[in-house]
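Keeping their order, the protein sequence lines are chains D and A. Counting from 1, position 29 in the first sequence corresponds to residue 29 in the working numbering; the numbering is continuous, with no gaps. Adding 245 to a residue's 1-based position in the second sequence gives its number in the working numbering. Shown next, in structure tokens, is the structure this report addresses.
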Amino acid sequence: MGGRESTLVLLDKNGIRCDGRKIDEPRKIMIKAGVLKNADGSAYIEFGDNKIIAGVFGPRDVHPKHLSNTDTGILRCRYHMSPFSVTERKNPAPSRREIEISKVIKEALLPSLMLEKFPRTVVDVFIEVLQADGGSRCAAIDAASVALADAGIPMRDMVCACAAGKVADTIVLDVNNEEDQAGQADMPVGYMPNLNKVTLLQLDGVLTRDEYKKCIDTAIGGCKLVYQIQKKALTDKFFENGGNQ
Amino acid sequence: MTSSVLDQLKRKEIVDLLDQGKRIDGRAFDQSRPLSIETGVISKANGSARVRLGDTEIVTGIKIQPDKPFPDLGDKGIFICTAEILPLAHPDAEPGPPGEDVIELARVVDRGIRESGMIDMSKLVLEKDKSVIGIFADNSVVDHDGNLFDACSYATTAAILSCKIPKWEIKNAVPVLVEDHESSPPITTIPVSITMGRIGEHILVDPNAEEWECIDARITITTNSDGNICALQKGGKNGFTVDQLSKCADIAISAATKIRERLKQTKG
């Protein structure tokens with residue numbers, strides 16, 4: 001986004017991106033539900049080179065107690081990157097970036113959960129980024145939403161997330177790490193596909209009014225693709241081999 | 246926090262008024278609170294501003310000093326933005342390390358300035374990869390009456406516009422201050438953030454503290470002088486439809502014009 005100079009060709013004359021994708025093609029996405037024994041719900045996602053695991057505990061007692069709410073359950077969310085997840089070792093202490101991302105992920109997931117059914121409790125979502133490759137907050141939401149469903153927490157909808165961005169003056173789906181570094185804009189979007197609501201929206205970089213609209217529509221298109229993969233992860237776990245009993 | 250009966254009554258009052266097309270303080274839905282900007286209020290800082298947005302008040306100071314560049318950005322100066330809600334600003338504010346709300350606040354203000362390219366960072370290099378000029382913007386919230394995002398953004402922008410950058414020369418690999426050679430900052434555009442809250446179907450510009458308590462979702466849209474969008478942050482416990490997001494963008498672009506004119510006049 002800083003528009004850093006580089007020799008990388010982000011978009012060739014045939015409309016092919018630096019990793020061989022078309023402009024409306026997401027990276028390879030694989031989600032597996034129920035990967036942890038101890039967590040109440042869990043999911044593992046590979047989104048391009050992102051490798052992220054999400055674990056859900058609860059609804060359970062709130063500690064410290066003063067955080068509890070007599071009207072509704074609360075949601076806590078921790079997004080954390082492993083020190084080995086990026087090129088330069090990351091200090092394991094939570095950074096300001098991770099604290100902000102934890103907050104926006106929490107607010108992206110919250111509208112989908114019926115926590116009012118569980119007053120005085122907490123649902124904890126722990127997200128560990130084992131390997132990061134650009135767009136990790138979207139991949140984290142995709143995994144966390146599957147983990148919440150896997151935990152059996154009553155939900156209004158799934159939350160699926162995917163980014164769109166501007167690279168070489170073109171709106172593209174699912175910005176990867178190189179495109180994020182050298183591109184013009186990155187817009188992560190979280191979306192509830194059945195309620196048609198955007199629950200995460202951020203932007204780094206400059207877009208015109210029309211590009212803004214196009215970017216949101218492109219990202220939502222990606223979210224809908226992710227939604228199918230999320231559903232498959234859950235059917236694979238609960239109905240074995242994708243059957244529809 | 247538990248919502249008390251009083252909070253629920255307040256919310257009902259606010260929502261009932263909105264359904265009649267009125268806001269609790271009588272403003273139009275797309276109208277910000279009165280904005281006052283005073284610059285040069287802290288003479289020890291290189292730039293400063295005291296901004297009041299309604300009853301929200303921010304004091305922002307800019308300190309400028311030589312620093313090391315970020316490892317991957319050796320040909321750019323650095324910009325760092327922080328925020329603190331002082332304990333005197335609100336009965337619920339407590340001293341201590343910043344919580345997630347304050348970290349988000351500082352990062353949203355930072356993103357608006359940074360992504361708009363307001364300051365031409367390439368002009369702030371003393372010696373490539375070794376020494377650059379650092380601009381530190383520290384926001385102190387002294388009175389909290391809602392929408393700290395816009396108030397801190399305007400205060401930071403005004404403080405930057407009014408700042409003077411001292412001159413350093415590299416001698417024996419160390420930056421040495423050259424007295425009495427201050428210059429204006431390399432400004433390319435003026436970013437303006439507009440924060441909107443959604444209560445039911447209503448979109449409110451610049452919610453005050455009472456409205457803020459009732460918000461279903463909020464969005465901060467920062468635009469540059471060309472009217473393009475350069476930063477976004479959605480927050481709050483619910484979401485927006487695509488149509489609402491379109492409407493918010495239109496509101497943000499038009500509401501920013503007036504505020505940008507105000508900020509332009511603060512050039513130091």
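Even for Gly, the Cβ is constructed at its ideal location relative to N, Cα and C. Since this is a predicted model, take the numbers as computed values, not measurements.
Residues in the same chain with beta-carbon distance under 7 angstroms from residue i, minus the five sequence neighbours each way, listed in chain order, please.
i                      : result
residue 132 of chain D : 50, 81, 85, 86
residue 230 of chain D : 31, 142, 145, 146, 158, 160
residue 4 of chain D   : Any reading at residue 4 of chain D must be qualified, since the residue scores a pLDDT of 48, below 50, and its modelled position is unreliable; the value itself is stated next. Excluding residues within five positions, the ones whose Cβ falls inside 7 angstroms are 181, 182.
residue 178 of chain D : 8, 18
residue 415 of chain A : 371, 372, 376
residue 170 of chain D : 11, 23
residue 217 of chain D : none
Along chain D, which residues have their Cβ under 9 angstroms away from the Cβ of residue i?
i                      : result
residue 250 of chain A : Neighbours of residue 250 of chain A on chain D: none; closest Cβ ~12 angstroms, over 9 angstroms.
residue 518 of chain A : Residue numbering for chain A in the displayed model covers 246 to 513; residue 518 of chain A lies beyond these limits and cannot be assessed.
residue 254 of chain A : Here the premise fails: no neighbours, minimum Cβ distance about 15 angstroms.
residue 469 of chain A : 206
residue 498 of chain A : 209
residue 294 of chain A : Under the 9 angstroms cutoff, chain D gives no residues; its nearest Cβ is about 23 angstroms from residue 294 of chain A.
residue 427 of chain A : Within 9 angstroms Cβ-Cβ: nothing; residue 427 of chain A doesn't reach chain D, min ~27 angstroms.
Throw me the rounded Cβ distance for the residue i and residue j pair, which I believe falls under 8 angstroms.
i                      : j                      : result
residue 347 of chain A : residue 329 of chain A : 7 angstroms
residue 293 of chain A : residue 301 of chain A : About 17 angstroms separates the two Cβ atoms, so there is no contact after all.
residue 511 of chain A : residue 307 of chain A : Their Cβ separation, rounded to whole angstroms, is 13 angstroms, which puts residue 511 of chain A and residue 307 of chain A out of contact at 8 angstroms.
residue 437 of chain A : residue 504 of chain A : 5 angstroms
residue 221 of chain D : residue 150 of chain D : In fact, because the Cβ distance is near 26 angstroms, the residues do not count as touching under 8 angstroms.
residue 408 of chain A : residue 430 of chain A : 6 angstroms
residue 305 of chain A : residue 382 of chain A : 6 angstroms
residue 253 of chain D : residue 219 of chain D : No answer is possible for residue 253 of chain D: the residues shown for chain D start at 1 and end at 245.
residue 75 of chain D  : residue 110 of chain D : 5 angstroms
residue 173 of chain D : residue 26 of chain D  : 6 angstroms
residue 47 of chain D  : residue 135 of chain D : 7 angstroms
residue 137 of chain D : residue 101 of chain D : 5 angstroms
residue 56 of chain D  : residue 200 of chain D : That pair is no contact at about 18 angstroms.
residue 451 of chain A : residue 298 of chain A : 7 angstroms
residue 321 of chain A : residue 367 of chain A : 6 angstroms
residue 127 of chain D : residue 89 of chain D  : That belief does not hold up - the Cβ atoms of residue 127 of chain D and residue 89 of chain D are roughly 20 angstroms apart, past 8 angstroms.
Quick one: which chain D residues come within Cβ less than 7 angstroms of residue i?
i                      : result
residue 484 of chain A : 111, 192, 197, 198, 199
residue 491 of chain A : 213
residue 473 of chain A : 206, 207, 208
residue 356 of chain A : 204
residue 494 of chain A : 209, 212
Within the same chain, show all residues whose beta-carbon is closer than 8 angstroms to that of residue i, passing over the 5 residues directly before and after it, in chain order.
i                      : result
residue 456 of chain A : 259, 268, 269, 391, 442, 444, 449
residue 193 of chain D : 157, 158, 160, 223, 224, 227
residue 411 of chain A : 291, 309, 422, 423, 426, 427
residue 462 of chain A : 442, 443, 479, 480, 481, 482, 483, 484, 485
residue 234 of chain D : 33, 146, 149, 150
residue 313 of chain A : 375, 376, 377
residue 106 of chain D : 75, 76, 77, 125
Quick one: is the Cβ of residue i within less than 7 angstroms of any heavy atom of the ligand MN?
i                      : result
residue 306 of chain A : Absence of the ligand MN from the depicted structure is noted, as is the absence of any ligand whatsoever, leaving it without description.
So, for residue i: in the same chain, excluding its five sequence neighbours on each side, which residues have a beta-carbon less than 6 angstroms away from its beta-carbon?
i                      : result
residue 303 of chain A : 296, 384, 386, 396, 397, 400
residue 59 of chain D  : 73, 118, 121, 123
residue 465 of chain A : 353, 394, 438, 440, 478
residue 343 of chain A : none
residue 274 of chain A : 449
residue 247 of chain A : Unreliable placement is indicated for residue 247 of chain A, whose pLDDT of 46 sits below 50; no coordinate value is reported for it.
residue 125 of chain D : 56, 77, 144
List, in order along the chain, the chain A residues whose C-beta lies closer than 7 angstroms to that of residue i?
i                      : result
residue 96 of chain D  : 348, 352
residue 216 of chain D : 487, 490
Which residues in chain A have a C-beta closer than 8 angstroms to the C-beta of residue i? List them in chain order.
i                      : result
residue 100 of chain D : 345, 348, 349, 352
Going along chain D, which residues have a C-beta under 8 angstroms from residue i?
i                      : result
residue 464 of chain A : 201
residue 338 of chain A : Going along chain D, no residue has its Cβ under 8 angstroms from residue 338 of chain A, so there is no contact; the nearest lies around 16 angstroms.
residue 329 of chain A : Those within 8 angstroms of residue 329 of chain A in chain D number zero; the least Cβ separation is about 13 angstroms.
residue 477 of chain A : 187, 201, 202, 203
Item to check | alpha helix (DSSP H) runs wholly inside the stretch 66 to 101 of chain D, at least 4 long, in chain order | outcome: Here no run is fully enclosed.
Item to check | contact_flag[the stretch 486 to 499 of chain A, the stretch 200 to 215 of chain D] where n(CB pairs < 8 angstroms) is 3 or more | outcome: At 8 angstroms Cβ cutoff, the stretches touch.
Next on the checklist: Could you check whether the stretch 399 to 411 of chain A touches the stretch 467 to 478 of chain A, counting it as contact only if at least three pairs of C-beta atoms, one from each stretch, sit closer than 8 angstroms?
Outcome noted: Verdict: no, contact absent.
Checklist entry - Are the stretch 114 to 131 of chain D and the stretch 163 to 178 of chain D touching by the rule of at least three beta carbon pairs closer than 8 angstroms? => result Not touching, per the Cβ criterion.
Checklist entry - Counting pairs of beta carbons, one from the stretch 354 to 369 of chain A and one from the stretch 326 to 340 of chain A, are three or more of them closer than 8 angstroms? => result Verdict: yes, contact present.
Checklist entry - Are the stretch 95 to 107 of chain D and the stretch 11 to 27 of chain D touching by the rule of at least three beta carbon pairs closer than 8 angstroms? => result With a cut-off of 8 angstroms, the stretch 11 to 27 of chain D and the stretch 95 to 107 of chain D do not count as touching, because too few Cβ pairs lie within range.
Next on the checklist: Whether or not the stretch 472 to 482 of chain A and the stretch 196 to 206 of chain D are in contact is what I'm after, with contact meaning three or more pairs of Cβ atoms, one per stretch, closer than 8 angstroms; do they touch?
Outcome noted: Judged by Cβ distances under 8 angstroms, the stretch 196 to 206 of chain D makes contact with the stretch 472 to 482 of chain A, as three or more pairs qualify.
Checklist entry - Going along the chain, which unbroken runs of the alpha helix (DSSP H) with 4 or more residues stay wholly within the stretch 325 to 402 of chain A? => result Counting only runs of 4 or more, we get 345 to 361.
Next on the checklist: I'd like the ranges of any alpha helix (DSSP H) spanning at least 4 consecutive residues and lying wholly in the stretch 156 to 186 of chain D.
Outcome noted: The stretch 156 to 186 of chain D contains these whole alpha helix (DSSP H) runs: 177 to 182.
Item to check | Every unbroken beta strand (DSSP E) inside the stretch 30 to 57 of chain D [3 residues or more] | outcome: Unbroken beta strand (DSSP E) runs of no fewer than 3 residues, entirely contained in the stretch 30 to 57 of chain D, are found at 41 to 47, following chain order.
Next on the checklist: Extract the residue ranges of the beta strand (DSSP E) inside the stretch 181 to 228 of chain D, only unbroken runs of 3 or more that lie entirely within it.
Outcome noted: For the beta strand (DSSP E) assignment, the uninterrupted runs of no fewer than 3 residues enclosed by the stretch 181 to 228 of chain D are, from N- to C-terminal side, 185 to 192, 197 to 207.
Checklist entry - What are the complete alpha helix (DSSP H) segments, minimum 4 residues, inside the stretch 414 to 498 of chain A? => result Here the runs fully enclosed are 454 to 457.
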